[in-house]
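Report on the following structure.
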Amino acid sequence: MKSFDDRFDEWEGHFEHYRTVLKKRHKTLKPQKIYSRIEKFWTWLQDNRILPSDLKKTHFVRYANDLRSGTLCVETESYSDASLIIFLSHALAWCRHLYQADIFLQNPFEGLAAGCPFAKGNYKTSLTVEEVREILQAPDLSVPWGLRNQAILEVIYGSGLRIGEAISLTLSSVDLADRFLNLRDTKNGWDRCIPITRPAADALHRYIEYGRPYLQGPRTGNALWLSYHHDILTKDTLTSMAAQYSKQTGVKFTMHGLRHACATHLLEGGASLRHIAEL
Numbered sequence: 005m006k007s008f009d010d011r012f013d014e015w016e017g018h019f020e021h022y023r024t025v026l027k028k029r030h031k032t033l034k035p036q037k038i039y040s041r042i043e044k045f046w047t048w049l050q051d052n053r054i055l056p057s058d059l060k061k062t063h064f065v066r067y068a069n070d071l072r073s074g075t076l077c078v079e080t081e082s083y084s085d086a087s088l089i090i091f092l093s094h095a096l097a098w099c100r101h102l103y104q105a106d107i108f109l110q111n112p113f114e115g116l117a118a119g120c121p122f123a124k125g126n127y128k129t130s131l132t133v134e135e136v137r138e139i140l141q142a143p144d145l146s147v148p149w150g151l152r153n154q155a156i157l158e159v160i161y162g163s164g165l166r167i168g169e170a171i172s173l174t175l176s177s178v179d180l181a182d183r184f185l186n187l188r189d190t191k192n193g194w195d196r197c198i199p200i201t202r203p204a205a206d207a208l209h210r211y212i213e214y215g216r217p218y219l220q221g222p223r224t225g226n227a228l229w230l231s232y233h234h235d236i237l238t239k240d241t242l243t244s245m246a247a248q249y250s251k252q253t254g255v256k257f258t259m260h261g262l263r264h265a266c267a268t269h270l271l272e273g274g275a276s277l278r279h280i281a282e283l
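Going left to right, the sequence shown walks through residues 5 to 283 as the working numbering numbers them.
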């Protein structure tokens, strides 16, 4: 079994990449000033023998307390509230970056604010099964775009697709007989066959047979998802769709969050992290 130090070193590449992101984002600040804001958190993790993958909300509170008390990294000074907020903001931003980059299955600090480490936040860490069910049942199936929307939601949740992967699907990507999606030119440059759930396959069948024909236009070609205006659907439409159904159901969510709910529910159902990562 690998030691803690060996496992911690495996995260060094992700940390160095984020330093590069910070340098590009804050061009007017001196590099060392930028790096010090996140290196405090990195050093704290190492000193407390906490892997980034094991982070929980309680760790954020502990980090805030150590910053405020001056016990962080054997330093004696404590920080002002303004400095504290800056350091905490960078810890939050780094975890958010890892989540958005699909390194984290969940953002461990979701819902926390730098100004109030003990805040419960307005959003849950992950959607519950009941909330997802409500979202999937939200589209109006009496109209073609409602059939389309339900199929999109089922595919993103059931197969854990990224928005870019989902939006680029074509008719030839869909194998309803064997319940697979054939993905091309995905984020990592792989060609993959992704299984789809029975509800997703049923929703796709309804959309392809009874919804898509009414949305076709002269420029739609082989694209799977078509718009109300007889054109190819865009990523912006998926963002608007999430906002629409969030308001309709009262369940706050994004397509990215819906995708990660798939991973969460698979874990809760007993699936291994290795199989989820392969999916």
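Quick reminder that beta carbons are idealized off the backbone N, C-alpha and C, glycines included. Being a predicted model, the structure only gives us computed values, none of them experimental.
C-alpha gap between residue i and residue j, whole angstroms
i	j	result
residue 29	residue 39	12 Å
residue 50	residue 244	41 Å
residue 208	residue 178	9 Å
residue 44	residue 134	39 Å
residue 64	residue 176	46 Å
residue 224	residue 236	6 Å
residue 156	residue 144	13 Å
residue 184	residue 91	45 Å
residue 290	residue 27	With the chain represented from 5 up to 283, any question about residue 290 goes unanswered, as that position is not in the structure.
residue 21	residue 37	17 Å
residue 87	residue 68	11 Å
residue 5	residue 182	39 Å
residue 136	residue 246	12 Å
residue 127	residue 53	Bear in mind that the predicted position of residue 127 carries a pLDDT of just 37, short of 50, making it unreliable; the figure below should be weighed with that in mind. Roughly 28 Å between the two C-alpha positions.
residue 222	residue 25	42 Å
residue 62	residue 10	24 Å
Residues near residue i by beta carbon distance below 6 Å, same chain, minus five either side
i	result
residue 287	The structure shown does not extend to residue 287, since the chain spans only 5 to 283, so no value can be given for it.
residue 142	249, 252 and 253
residue 263	160 and 164
residue 210	151
residue 113	64, 96 and 99
residue 204	158, 159 and 162
residue 102	108
residue 166	none
residue 60	112
residue 124	Model confidence at residue 124 stands at a pLDDT of 40, short of 50, so the residue's coordinates are unreliable; what they give is reported in the following sentence. Correct list: empty, nothing qualifies.
Best match in the options for proximity to residue i [C-alpha to C-alpha]
i	options	result
residue 151	214, 43 and 249	214
residue 46	199, 27, 15 and 72	15
residue 149	27, 241, 113 and 55	241
residue 132	255, 7 and 108	255
residue 257	138, 8 and 98	138
residue 104	140, 270, 18 and 70	18
residue 116	259, 94 and 201	94
residue 259	197, 158 and 87	158
residue 234	186, 216 and 247	216
residue 239	153, 111 and 196	153
residue 147	195, 219, 111 and 60	219
residue 201	266, 246, 101 and 69	266
residue 269	110, 195 and 8	110
residue 41	261, 221 and 89	89
residue 305	25, 8 and 174	Here the chain comprises residues numbered 5 to 283, so residue 305 is not present and cannot be evaluated.
residue 261	106, 221, 222 and 198	106
Own chain residues within Cβ distance below 7 Å of residue i, not counting five before or after
i	result
residue 12	50 and 55
residue 58	none
residue 180	205, 208 and 209
residue 78	Residue placement at residue 78 is flagged as unreliable, the pLDDT there being 47, under the threshold of 50; a coordinate-derived value is accordingly withheld.
DSSP beta-bridge partners of residue i
i	result
residue 113	Looking at the DSSP assignment, residue 113 forms no beta bridge with any residue, so it has no partner.
residue 184	179 and 199
residue 49	Residue 49 is not bridged to any residue.
residue 174	227
residue 236	230
Close Cβ partners of residue i (< 8 Å) along its chain, the five nearest in sequence each way excluded
i	result
residue 140	154, 157, 158, 161 and 203
residue 8	53 and 55
residue 66	52
Do the region 227 to 241 and the region 167 to 186 make contact, defined as three or more Cβ pairs closer than 8 Å? yes
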